[in-house]
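Down below is the structure, laid out as structure tokens.
Spelled out as structure tokens, the structure:
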């Protein structure tokens with residue numbers, strides 16, 4: 001079963017602030033653990049939304065609207081993701097619970113979603 005751990009963006013990550021050395025090390029160890037267990041498929045961080053583009057389909061049959069970032073609603077933005085392949089929803093939750101605070105300062109939030117296969 002494929003699950004995506006979606007790391008939500010924060011004001012800190014949207015500001016382009018990179019994780020400190022302590023958080024980098026904690027995330028490196030977490031990723032090593034995922035790889036060693038054979039469950040990690042892919043893990044990537046994303047640039048802040050100021051480098052992003054949003055395509056909005058506002059009206060059926062009409063050309064989509066293109067909007068350059070940054071985007072102001074940080075609660076709706078993603079800072080990164082990890083794709084894991086596990087045996088159950090419970091196992092996915094266990095792995096998500098092991099992740100260090102992805103923002104490193106109490107702002108971290110992860111959304112766990114199953115991927116259609």
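In full-length UniProt numbering, the protein residues as written are 1 to 117. C-beta atoms are modelled at their ideal positions from N, C-alpha and C, and glycine is treated no differently.
- With a cutoff of 8 Å on beta-carbon distance, residue 43 and residue 31 are scored as near each other.
- If the five residues before and after residue 11 are omitted, its C-beta is found closer than 8 Å to the C-beta atoms of 74 and 107, all from its own chain and listed in chain order.
- Under the DSSP assignment, residue 49 falls outside any alpha helix (DSSP H); it carries neither an H nor an E label.
- Here DSSP, grouped into helix, strand and coil, assigns residue 18 to coil.
- Cβ neighbours of residue 101 within its own chain (closer than 7 Å, five residues either side excluded): 108.
- The beta carbon of residue 98 is closer than 8 Å to those of 30 and 33 in its chain, skipping five residues each way along the sequence.
- Around residue 45, the same chain offers 79 and 80 as residues with beta carbons nearer than 7 Å, after the five sequence neighbours per side are excluded.
- Residue range 89–98 is occupied by the alpha helix (DSSP H) that includes residue 98.
- Bridge pairing for residue 67: 54 [DSSP].
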